[in-house]
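Undergrad:
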Amino acid sequence: MTPRFVLGRIGFYTLIAVLLAFFTIPLLWLVTAPFTSDPTYEVRMPDFTWENFQAVLEHPYALPSLWNSLVLSVGTALLVVVMAALAAYALSRVRLPGRDALLYALLLLSSIITGTAAMVPLFQLAVELNLIDSQLGLILILTGGLLPAAIFMLKDFMDSTPKSYEESARVFGASPLQIVRHVVVPLVRPGLATIAVWSIANVWGNFLMPYLLLSDVEKQPAAVITYTLYTEGGQANLRMLSTFGLLYSVPVVLMYLFVSKKYGFRFHGGIKR
Amino acid sequence: MAQAISPPEVIDGDPSGRRGGYSSDAAGLGRLRAGAFVAPALLLIAAFLVFPALWVLYLGLTNYRLTGAAAAEPQFVGLDNFLDAVANPTFWNSTWLTLQFVLGSAVIGQVVLGFTIAWVLRDRRGPLKRLVEGLVILAWILPSAVVSFLWVALLDRDGGTLNALLGIPGFAWLLDHPMLSIIIFNTWRGTAFSMMLYGAALGNVPPSHLESARLAGASGWQQLRDVVFPHIRGHILTNLLLISLWTFNDFSPFLLTAGGPDGRSEVLAVHVYKVALQSGELGYGAAVSTIILLINLVVAVFYLRLLRSKK
Numbered sequence: 010m011t012p013r014f015v016l017g018r019i020g021f022y023t024l025i026a027v028l029l030a031f032f033t034i035p036l037l038w039l040v041t042a043p044f045t046s047d048p049t050y051e052v053r054m055p056d057f058t059w060e061n062f063q064a065v066l067e068h069p070y071a072l073p074s075l076w077n078s079l080v081l082s083v084g085t086a087l088l089v090v091v092m093a094a095l096a097a098y099a100l101s102r103v104r105l106p107g108r109d110a111l112l113y114a115l116l117l118l119s120s121i122i123t124g125t126a127a128m129v130p131l132f133q134l135a136v137e138l139n140l141i142d143s144q145l146g147l148i149l150i151l152t153g154g155l156l157p158a159a160i161f162m163l164k165d166f167m168d169s170t171p172k173s174y175e176e177s178a179r180v181f182g183a184s185p186l187q188i189v190r191h192v193v194v195p196l197v198r199p200g201l202a203t204i205a206v207w208s209i210a211n212v213w214g215n216f217l218m219p220y221l222l223l224s225d226v227e228k229q230p231a232a233v234i235t236y237t238l239y240t241e242g243g244q245a246n247l248r249m250l251s252t253f254g255l256l257y258s259v260p261v262v263l264m265y266l267f268v269s270k271k272y273g274f275r276f277h278g279g280i281k282r
Numbered sequence: 616m617a618q619a620i621s622p623p624e625v626i627d628g629d630p631s632g633r634r635g636g637y638s639s640d641a642a643g644l645g646r647l648r649a650g651a652f653v654a655p656a657l658l659l660i661a662a663f664l665v666f667p668a669l670w671v672l673y674l675g676l677t678n679y680r681l682t683g684a685a686a687a688e689p690q691f692v693g694l695d696n697f698l699d700a701v702a703n704p705t706f707w708n709s710t711w712l713t714l715q716f717v718l719g720s721a722v723i724g725q726v727v728l729g730f731t732i733a734w735v736l737r738d739r740r741g742p743l744k745r746l747v748e749g750l751v752i753l754a755w756i757l758p759s760a761v762v763s764f765l766w767v768a769l770l771d772r773d774g775g776t777l778n779a780l781l782g783i784p785g786f787a788w789l790l791d792h793p794m795l796s797i798i799i800f801n802t803w804r805g806t807a808f809s810m811m812l813y814g815a816a817l818g819n820v821p822p823s824h825l826e827s828a829r830l831a832g833a834s835g836w837q838q839l840r841d842v843v844f845p846h847i848r849g850h851i852l853t854n855l856l857l858i859s860l861w862t863f864n865d866f867s868p869f870l871l872t873a874g875g876p877d878g879r880s881e882v883l884a885v886h887v888y889k890v891a892l893q894s895g896e897l898g899y900g901a902a903v904s905t906i907i908l909l910i911n912l913v914v915a916v917f918y919l920r921l922l923r924s925k926k
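Protein sequence lines correspond, in order, to chains A and B.
Using the working numbering, read the first sequence as starting at 10 and increasing by one per residue.
Using the working numbering, read the second sequence as starting at 616 and increasing by one per residue.
1. Where are the alpha helix (DSSP H) runs, 4 residues long or more, that stay fully inside the region 101 to 138 of chain A, in chain order?
2. Nearest-angstrom Cα distance between G636(B) and P185(A)?
3. Which of helix, strand or coil does DSSP assign to F800(B)?
4. If the cut is a Cβ gap below 9 angstroms, which residues of chain A does V767(B) touch?
5. Give the range of the alpha helix (DSSP H) segment to which K172(A) is assigned.
6. G84(A): buried (16+ other C-beta within 10 angstroms of its C-beta) or exposed?
7. Output, in chain order, the set of chain B residues within a Cβ distance shorter than 7 angstroms of Y70(A).
8. Hey, how far is the Cα of M283(A) from the Cα of L88(A)?
9. So, with DSSP's three-state summary, where would you put T33(A)?
10. Counting C-beta neighbours from all protein chains within 10 Å, is the total for N819(B) 16 or more, i.e. buried, or is it exposed?
11. For P876(B), would you say it is in contact with chain A, using Cβ-to-Cβ distances shorter than 8 angstroms as the test?
12. If you measure from the beta carbon of V268(A) to each beta carbon in chain B, is any gap under 8 angstroms?
13. What's the gap between the Cα of P876(B) and the Cα of N864(B)?
14. Measure from the C-beta of Y813(B) to each C-beta in chain A and report whether the shortest distance is under 8 angstroms.
15. Can you round the beta-carbon distance between V751(B) and T806(B) to whole angstroms, since I take them to be within the 8 angstroms contact cut?
16. Here's the rule: buried if 16 or more other CB atoms are within 10 angstroms of the residue's CB, otherwise exposed. What is F32(A)?
17. What residues of chain A sit near G782(B), judged by a beta carbon separation below 8 angstroms?
18. Kindly list, in the order they appear in chain A, the residues whose Cβ is closer than 7 angstroms to that of D640(B).
19. If you reduce the DSSP assignment to three classes, tell me which class F691(B) lands in.
20. Would E624(B) be called buried (16 or more neighbouring beta carbons within 10 Å of its own) or exposed?
21. Less than 6 angstroms between C-beta atoms, sequence neighbours within five positions excluded: which residues of the same chain meet that for L256(A)?
22. Measure from the alpha carbon of N703(B) to the alpha carbon of each residue in W734(B), S924(B), A902(B), then state which is nearest.
23. For P802(B) versus Q725(B), is the C-beta spacing smaller than 8 angstroms?
24. Quick check: is the beta carbon of A779(B) nearer than 8 angstroms to any beta carbon in chain D?
25. Does the region 909 to 925 of chain B come within contact of the region 846 to 853 of chain B, defined as at least 3 CB pairs closer than 8 angstroms?
26. Distance, Cα to Cα, Y265(A) vs A245(A)?
27. Could you pull out every unbroken alpha helix (DSSP H) segment of at least 4 residues lying fully inside the region 222 to 256 of chain A, listed in chain order?
28. Along chain B, in chain order, which residues have C-beta atoms closer than 9 angstroms to that of W76(A)?
29. Which runs of the alpha helix (DSSP H) spanning at least 4 residues fall entirely within the region 711 to 768 of chain B, listed in chain order?
30. Is the Cβ-Cβ distance between L228(A) and Q144(A) less than 8 angstroms?
31. By how many angstroms is the C-alpha of P43(A) removed from the C-alpha of G774(B)?
32. Evaluate M54(A) with the Cβ neighbour count: other Cβ atoms within 10 Å of its Cβ, from every protein chain shown; 16 or more gives buried, anything less gives exposed.
In structure tokens, the structure reads:
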């Protein structure tokens, strides 16, 4: 073992230790405080109490807001998957006039029109259309934002699936709609699942849009309720914040583990907005 | 591309014999139905993405306000809002802070850290690699409201973990160093994307090239410079453009510092929110949004050109 090799090893493990510390320390509080009675900002060894979870159950807006997050994300995901699948299939199989220009425009739009750039007109649009405090309105707005990237990713996916099944089904006299429902959808199911998970994850974590467009606390999703918990009403309620934060985070982690196990974690250029 | 043309024998073998009614795509969809498939998606995109973007251009030219007389009858004021913005020190302050934020957290923080992690773990398999990658990805996928509060807790002046570790109780990170705080926060938050992209890119560098460089006596840094960087130049550029775009539009500094204290961390995203939706100056806010849109457009066009030239 040369000194250089030893130094290299020491350097490597020091770097790994620093990295692990940097990425772990901020998360420690989230896994200890929910199980500690009377938590402070300090990270302490928990005494494994379940009282904080009891407090979350009794809070008037905590669990309903998780339900709202679920409604918003599943609603958006359904719309995105159905609409993007239809559009991507047609764009992949039929040479519509102006198709390439359309795809280019979609990609451009999805990357430049962000929540930040569009918050003023979206807010005004929602006021004019009476969509403030409407979960359906928010779902439509979120769907509009996610669709371009979803169509783009799904079209790529459909381009790479073989057309021979559709052709055989046609030989046996299936109608185009039957072909789409019974042949294409099963073929592209992994792609559809990816888009669904991607949409759910996007909406589940989205703060800006519901914060702008939902002022009724009974309709707000968990992201907004979390923010309210630590900015309003003087002293932040750390029991609620830590425990509720954990409950709000766990589904994302489970979904990530599920996706990476089932499909292997593939990521696309536009996955985050 | 996947232009769908059925082989002739399939059409000949069509049992229904309605050849004329079928078009040449695989499922026999035809242009009309294809158009009907695309229409719902395009309608939603037009209503909630394209229209707002065009509307913001118009709003920026009016004196529209959230409340008061100008709310009822907004007037066309031409480029006044833009001139106001250019003459407004708060706007320039926000622009400068945004530049610091993008350069510090994305271009330097995420790229350097992401590449470093990908590079030191490139030949490794097993639990250590999975642990490091898992933690980095965890910081990326958790909801922004939760991680923001985690950092508020970490950086808390009195009870925060960081001050306890460093032995400096009472040091107010978010008040005294708000920009540094959000830059480090966003580096922590967003490194995963760069790490994964460089991880994939480094997998494409032919091992034989590295091997011959090593045999020729190249040091680690020389291998990086002469073998690795030329191979992943395209990835670096893609990475830079995307994360700059995302960081530029990121609203999460609001969750951490709300732009304060005294606007010292008020990046443009937060600035728009404050002037338009808190102070109600929708017209002026729309003008700033227009500027953001234009900057996004420039970066995105660069990015798409790059994608095309790769193909």
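For every residue, glycine included, the Cβ atom is placed at its ideal position computed from N, Cα and C.
TA: Taking the definition as stated:
1. 108 to 121, 124 to 137
2. Working through the second sequence from its first residue, we reach residue 636(B) at position 21. Working through the first sequence from its first residue, we reach residue 185(A) at position 176. Any reading at G636(B) must be qualified, since the residue scores a pLDDT of 41, below 50, and its modelled position is unreliable; the value itself is stated next. Approximately 12 angstroms, taken between the alpha carbons.
3. Within the second sequence, the letter at position 185 stands for residue 800(B). Helix, per DSSP.
4. Mapped onto the second sequence, residue 767(B) falls at position 152. Simply Y50, Y239, A245.
5. Here residue 172(A) refers to the residue found at position 163 when the first sequence is read from its first residue. K172(A) -> no alpha helix (DSSP H), and no H or E assigned at all.
6. As a working mapping, residue 84(A) is identified with position 75 in the first sequence. Label assigned to G84(A): buried.
7. The residue labelled residue 70(A) in the question sits at position 61 within the first sequence. Near Y70(A) there are no residues of chain B at all, since even the closest Cβ is about 14 angstroms away, more than 7 angstroms.
8. Coverage of chain A is limited to positions 10 through 282, which leaves residue 283(A) absent and any answer about it impossible.
9. What you label residue 33(A) is simply residue 24 of the first sequence in a count that begins at 1. Three-state DSSP puts T33(A) in a helix.
10. Here residue 819(B) refers to the residue found at position 204 of the second sequence. When all chains shown are included, N819(B) counts as exposed.
11. Here residue 876(B) is taken as the residue at index 261 of the second sequence, counted from 1. So no, P876(B) is outside the interface.
12. Taking the first sequence and counting its residues from 1, one reaches residue 268(A) at position 259. For V268(A), the answer is no, since every Cβ of chain B falls outside 8 angstroms of its Cβ.
13. By 1-based counting over the second sequence, the position of residue 876(B) is 261. By 1-based counting over the second sequence, the position of residue 864(B) is 249. Distance between the alpha carbons of P876(B) and N864(B): 21 angstroms.
14. Here residue 813(B) corresponds to residue number 198 of the second sequence, with the count starting at 1. Judged by the 8 angstroms Cβ criterion, Y813(B) is not in contact with chain A.
15. Numbered from 1 along the second sequence, position 136 holds the residue referred to as residue 751(B). Numbered from 1 along the second sequence, position 191 holds the residue referred to as residue 806(B). Indeed they touch by this definition, with Cβ atoms about 6 angstroms apart.
16. As a position in the first sequence, residue 32(A) is number 23, starting the count at 1. By the 10 Å Cβ count, F32(A) comes out buried.
17. Against the second sequence, residue 782(B) aligns to sequence position 167. Here the premise fails: no neighbours, minimum Cβ distance about 14 angstroms.
18. In the second sequence, residue 640(B) corresponds to position 25, counting from 1. Near D640(B) (Cβ distances below 7 angstroms), the residues of chain A are R102, V103.
19. Residue 691(B) sits at position 76 when you count from the first residue of the second sequence. Strand at F691(B).
20. Walking along the second sequence from the start, residue 624(B) turns up at place 9. Low local confidence applies: a pLDDT of 33 at E624(B) is under 50, so the model's placement there is unreliable, with the coordinate-based value given in what follows. Looking at its Cβ environment, which holds fewer than 16 other Cβ atoms inside 10 Å, E624(B) is exposed.
21. Residue mapping note: residue 256(A) aligns to position 247 of the first sequence, counting from 1. Nothing listed; no residue qualifies.
22. Looking up residue 703(B) in the second sequence gives position 88. Here the closest residue by C-alpha is A902(B).
23. Indexing the second sequence from 1 puts residue 802(B) at position 187. Indexing the second sequence from 1 puts residue 725(B) at position 110. Note that residue 802(B) is Thr in the sequence shown here, rather than Pro. The answer is yes: Cβ separation under 8 angstroms.
24. Absent from the structure: chain D. Protein chains present are A and B.
25. yes
26. Your numbering for residue 265(A) matches position 256 in the first sequence. Your numbering for residue 245(A) matches position 236 in the first sequence. The straight-line gap from Cα to Cα measures roughly 30 angstroms.
27. 231 to 240
28. Here residue 76(A) refers to the residue found at position 67 when the first sequence is read from its first residue. Residues of chain B passing the Cβ test: none, with the nearest at roughly 16 angstroms.
29. 726 to 735, 742 to 756
30. Along the first sequence, read from residue 1 onward, the residue named residue 228(A) stands at position 219. Along the first sequence, read from residue 1 onward, the residue named residue 144(A) stands at position 135. The amino acid at residue 228(A) is misidentified as Leu; the sequence shows Lys. Result yes, Cβ atoms of K228(A) and Q144(A) sit closer than 8 angstroms.
31. As a position in the second sequence, residue 774(B) is number 159, starting the count at 1. As a position in the first sequence, residue 43(A) is number 34, starting the count at 1. The straight-line gap from Cα to Cα measures roughly 16 angstroms.
32. Looking up residue 54(A) in the first sequence gives position 45. Exposed.
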